[in-house]
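Residue numbers (the working numbering): -16 to 152.
Notes follow once the structure below has been shown.
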């Protein structure tokens, strides 16, 4: 892959271990490494980001010097992927490692949000897991009880005949 120049922000984030570079800086190369036009563009970018402006300008100047020495080259996408997969080995369980690798590779239903300039990319992978089948428990038989003979009932008092209602006066 042909080495392309990146801006100071991309170098800063690549050094921090992020796996992506800002696409706006690589889209159109400026007149040359360390050129005044590139420096002007990078200084303009420093006004619109959350990073401290003085730190951004220092990084832009350092990137300009590195570009003049030929030190600004881009790594291959495979290198970025290998770096991200190496970080997945730090996961404790095999399931967590597999989920991390799925997020890095973008397999399954993976959504990527955010930007490098915004502070980082957030990768979310949804993995449906079906609930384990529950086996039906066999019905328990009731405990056998010994039949108790019924006791005879006591005779009740005979009922009195009902009296007819009298009209109200």
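Using N, Cα and C, we set each Cβ at its ideal position, and we do this for glycine too.
DSSP beta-bridge partners of residue i
i, result
"residue 109", "92"
"residue 98", "103"
Backbone secondary structure at residue i - three-state DSSP
i, result
"residue 60", "helix"
"residue 120", "coil"
"residue 143", "coil"
"residue 85", "helix"
"residue 130", "coil"
"residue 65", "helix"
"residue 149", "coil"
"residue 114", "coil"
Residue i: first and last residue of the uninterrupted alpha helix (DSSP H) it sits in
i, result
"residue 23", "19 to 29"
"residue 45", "36 to 51"
Which listed residue (the options) has its alpha carbon closest to that of residue i
i, options, result
"residue 91", "41, 29, 81", "81"
"residue 29", "52, 85, 101", "101"
"residue 111", "54, 50, 93, 117", "93"
"residue 20", "136, 44, 37, 34", "44"
"residue 51", "89, 18, 24", "18"
CB of residue i within 8 Å of CB of residue j, strictly
i, j, result
"residue 71", "residue 56", "no"
"residue 85", "residue 108", "yes"
"residue 46", "residue 64", "no"
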